[in-house]
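Below is one structure, written out as structure tokens; the observations come after it.
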Amino acid sequence: MSVPTSDAVAATAPKRVLVTGASAGIGAATVRRLRADGLSVLATARREDRLAALAAETGAETLRLDVTDEADVAALVTHLQATGGLDAVVNNAGGALGLEPVAETDLEQWRAMYELNVLGTLRVTQAVLPFLRERGGDVVVVTSTAALAAYPGGAGYTGVKHAARMLAETLRWELVGEPVRVIQIAPGAVETEFSLVRFDGDEERAAKVYEGYTPLSADDVADSIAWTLSRPPHVNVDSLVIRPLAQATNTVTARRPS
Ligand code: NAP
Numbered sequence: 019m020s021v022p023t024s025d026a027v028a029a030t031a032p033k034r035v036l037v038t039g040a041s042a043g044i045g046a047a048t049v050r051r052l053r054a055d056g057l058s059v060l061a062t063a064r065r066e067d068r069l070a071a072l073a074a075e076t077g078a079e080t081l082r083l084d085v086t087d088e089a090d091v092a093a094l095v096t097h098l099q100a101t102g103g104l105d106a107v108v109n110n111a112g113g114a115l116g117l118e119p120v121a122e123t124d125l126e127q128w129r130a131m132y133e134l135n136v137l138g139t140l141r142v143t144q145a146v147l148p149f150l151r152e153r154g155g156d157v158v159v160v161t162s163t164a165a166l167a168a169y170p171g172g173a174g175y176t177g178v179k180h181a182a183r184m185l186a187e188t189l190r191w192e193l194v195g196e197p198v199r200v201i202q203i204a205p206g207a208v209e210t211e212f213s214l215v216r217f218d219g220d221e222e223r224a225a226k227v228y229e230g231y232t233p234l235s236a237d238d239v240a241d242s243i244a245w246t247l248s249r250p251p252h253v254n255v256d257s258l259v260i261r262p263l264a265q266a267t268n269t270v271t272a273r274r275p276s
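The number in the working numbering is simply the position in the sequence shown, starting from 1, with 18 added.
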């Protein structure tokens, strides 16, 4: 396949952006922000009722996409081929399941986390890369500060986010000289449905994660994603770590006394 070099491609801002996991949290906030910035957005996730509401609110285009489902990803490629290709992907679909120590952790939860965070990101990235290589574009991977360090009970999630980070770093290496930027966004604690999913719908336990300090909002992370995408095309923000001020590491958070 013949690909243009970085130097040969004219400077253009991303025009059509695919966002995975757009039905909630960081993904939905990213859709809102990119639409507000005037970009064309293809918002995808499994919950179509949520996508329909987001489309009505923002004018984003939507498509049901389970990133763990090969048929869904094949349908995505067909859709992109028929509707003008793509300029950027935000690989955001992901999440954690459980917080048990390694000695007790559930193998199936690890398998599901790997399918979603690692193989889902790989599957979508492989599928859209030909569009991005053809005319230049961006691959954003939303990892986590869990991609940078361990914490007790977090081995399954930190493991898959480390793997997603390696996917991004290796891809950047492999694509050097081509007009494709690879950007890793690594947030600390963000108040979304993340903890509700992690703790299987336990609202009280989920709420405790964000007690006594101001966590990041989904909008804060969307803001950083939009910023990286809007840099001049020769600027690649390789990796952006964004934490709440009160959170120094995965395990050190300054909480107000209750
Ligand atoms: P969230 O509110 O739970 O949103 C997760 C999104 O992923 C939802 O839109 C969900 O939509 C989608 N999703 C789940 N399984 C999917 C699948 N198989 N295929 C397609 N989409 C799927 O969590 P969030 O905090 O916004 O998380 C977004 C990303 O940020 C994740 O990668 C997460 O690991 C990462 N992150 C979160 C935090 C945090 O503290 N919240 C910190 C660092 C990194 P459907 O269920 O409708 O498919």
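Positions of the beta carbon are idealized from the N, C-alpha and C atoms, including for glycine.
For clarity, every value in this text was computed on a predicted model and none was experimentally measured.
Does the beta-carbon of residue i have 16 or more other beta-carbons within 10 angstroms, so that it is buried, or is it exposed?
i: residue 156; result: buried
i: residue 263; result: exposed
i: residue 216; result: buried
i: residue 100; result: exposed
i: residue 220; result: exposed
i: residue 105; result: buried
i: residue 248; result: exposed
i: residue 47; result: buried
i: residue 265; result: buried
i: residue 195; result: exposed
i: residue 45; result: buried
i: residue 276; result: exposed
i: residue 272; result: exposed
i: residue 226; result: exposed
Could you round the C-beta distance between residue i and residue j to whole angstroms and report it? I think they count as a contact, below 8 Å.
i: residue 166; j: residue 207; result: Contact doesn't hold; Cβ gap of about 14 Å is too wide.
i: residue 274; j: residue 231; result: 7 Å
i: residue 124; j: residue 112; result: That belief does not hold up - the Cβ atoms of residue 124 and residue 112 are roughly 18 Å apart, past 8 Å.
i: residue 70; j: residue 80; result: 7 Å
i: residue 143; j: residue 202; result: The pair is not a contact, with the Cβ atoms about 12 Å apart (cut-off 8 Å).
i: residue 182; j: residue 159; result: 6 Å
i: residue 77; j: residue 53; result: 6 Å
i: residue 119; j: residue 170; result: 7 Å
i: residue 198; j: residue 146; result: The Cβ separation is near 10 Å, so there is no contact.
Is residue i near the ligand NAP, in the sense that its beta carbon is under 7 Å from a heavy atom of that ligand?
i: residue 84; result: yes
i: residue 134; result: yes
i: residue 91; result: no
i: residue 215; result: yes
i: residue 205; result: yes
i: residue 177; result: no
i: residue 243; result: no
i: residue 160; result: yes
i: residue 149; result: no
What is the DSSP secondary structure of residue i, counted as helix, strand or coil?
i: residue 109; result: strand
i: residue 171; result: coil
i: residue 258; result: strand
i: residue 48; result: helix
i: residue 237; result: helix
i: residue 139; result: helix
i: residue 177; result: helix
i: residue 91; result: helix
Check whether the Cβ of residue i lies closer than 8 Å to any Cβ atom in chain D.
i: residue 276; result: Among the chains in the structure shown there is no chain D, since it carries only a single protein chain.
Could you tell me which residues DSSP pairs with residue i in its beta bridges?
i: residue 63; result: 82
i: residue 273; result: Residue 273 is not bridged to any residue.
i: residue 202; result: 159, 257
i: residue 185; result: According to DSSP, which records beta bridges pairwise, residue 185 is partnered with nothing at all.
i: residue 58; result: 34
i: residue 208; result: 234
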